[in-house]
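To start, the structure under review is shown below, and the notes come after it.
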Amino acid sequence: NEIIDDFDVARNTPAAPALAGSKRKVGKSGYRGVAYHAITKRWRARITATSGDGRQRALGYFNTPEAAARAFDAAARALGFKLSLLNFP
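Sequential numbering from 32 applies to the sequence shown in my numbering.
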């Protein structure tokens, strides 16, 4: 995982607009809470609650990373996450 900032140093280009200025961890999918599951060949969405026991909750498997990211956002809103932590605020 890498931290996305306003500028992609490796490519010497500005970062994607949705990620600009949002120092947060994202994986290869480009979305928070989304990872590719090689066994099922689908995108998996998971979220970790900030209150309670802190365990990860599986949100399901999706055909596209965007669909998985939207599932993460719905769960994040239900848990009261800040808008800055959503994939599609």
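Here a beta-carbon is modelled for each residue, glycine too, at the ideal position from N, C-alpha and C.
Could you tell me how far apart the beta carbons of residue i and residue j are, in whole angstroms, since I believe they sit closer than 8 Å?
| i | j | result |
| --- | --- | --- |
| PHE28 | ALA102 | As shown, the chain starts at 32 and ends at 120. That puts residue 28 outside it, with no answer to give. |
Would you tell me roughly how many angstroms separate the C-alpha atoms of residue i and residue j, rounded to the nearest one?
| i | j | result |
| --- | --- | --- |
| GLY91 | ALA76 | 6 Å |
| THR79 | ARG88 | 6 Å |
| LEU117 | THR81 | 14 Å |
| ARG63 | PHE112 | 12 Å |
| HIS68 | TRP74 | 6 Å |
| ASP104 | GLY58 | 16 Å |
Mind checking residue i: buried by the 16 CB within 10 Å criterion, or exposed?
| i | result |
| --- | --- |
| ALA99 | buried |
| ARG86 | exposed |
| PRO96 | buried |
| SER60 | buried |
Would you identify the three-state DSSP class for residue i, choosing helix, strand or coil?
| i | result |
| --- | --- |
| ARG105 | The sequence given here has Ala at residue 105, not Arg. If DSSP states are grouped into helix, strand and coil, ALA105 belongs with the helices. |
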